[in-house]
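Sequential numbering from 30 applies to the sequence shown in the working numbering.
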Amino acid sequence: MISKGGTTVAYELKTKETDSSVIDFIEGVDSPKKREDAYKLLAIFTETTGYEAKMWGPSIIGFGSYHYKYPTGHEGDAPLVGFSPRKAKISLYFATGDSKREELLKEFGKHTTGKACVYINKVADIDENVLKALINQSVAFLKETYPQK
30 MISKGGTTVA
40 YELKTKETDS
50 SVIDFIEGVD
60 SPKKREDAYK
70 LLAIFTETTG
80 YEAKMWGPSI
90 IGFGSYHYKY
100 PTGHEGDAPL
110 VGFSPRKAKI
120 SLYFATGDSK
130 REELLKEFGK
140 HTTGKACVYI
150 NKVADIDENV
160 LKALINQSVA
170 FLKETYPQK
């Protein structure tokens, strides 16, 4: 629920877990190189987290989930970690707000960061061991920050 001009309205999250096929989504990626990298990332994230990959919204492959609630009252569910092979770059989704993330990113390889995403051009540009450390750090941080009830 969010409040608009004194009226409370339901807020619908766009990115929800779906029953769509992860493999079908990856197979639909135009670039053969990006598709190959998506399969590499799928293997790394699955092996590292122990979670089955699920589609979140139309284009995010997520692993695990957590329920968050902000002081504003906004709440929802999100994947613990994930990625999306987008046209321009590959988006990696890790938890924000933990200083360990910034330290790990220094050793990660060629990347850029947005508010919540880490962007890479290809898996060959990054250190896969640091990727695994980022995945583990993110999962641990979110499980500690948002413990399951």
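C-beta: ideal position from N, C-alpha, C; glycine also.
Item                                                                                     : Value
Buried versus exposed, by CB contacts within 10 Å (16 or more), GLY111                   : buried
Alpha helix (DSSP H) segments (min. 4 residues) lying fully within the region 117 to 167 : 128 to 135
Residue-chain proximity (SER88, chain B), Cβ-Cβ < 7 Å                                    : In summary, chain B is missing from the structure at hand, where a single protein chain is found.
C-beta contact flag for PRO114 and LYS63 at 7 Å                                          : yes
The beta strand (DSSP E) enclosing GLU48, as first and last residue numbers              : Per the sequence shown, the amino acid found at residue 48 is Asp instead of Glu. Taken as a continuous stretch (DSSP letters only), ASP48 belongs to no beta strand (DSSP E), as it is neither H nor E.
CB of ASP154 within 7 Å of CB of LYS135, strictly                                        : no
Beta-carbon spacing of ILE121, VAL159 below 7 Å                                          : First, the amino acid is wrong: residue 121 is Leu here, not Ile. No; because the gap between Cβ atoms is not below 7 Å, this pair is not in contact.
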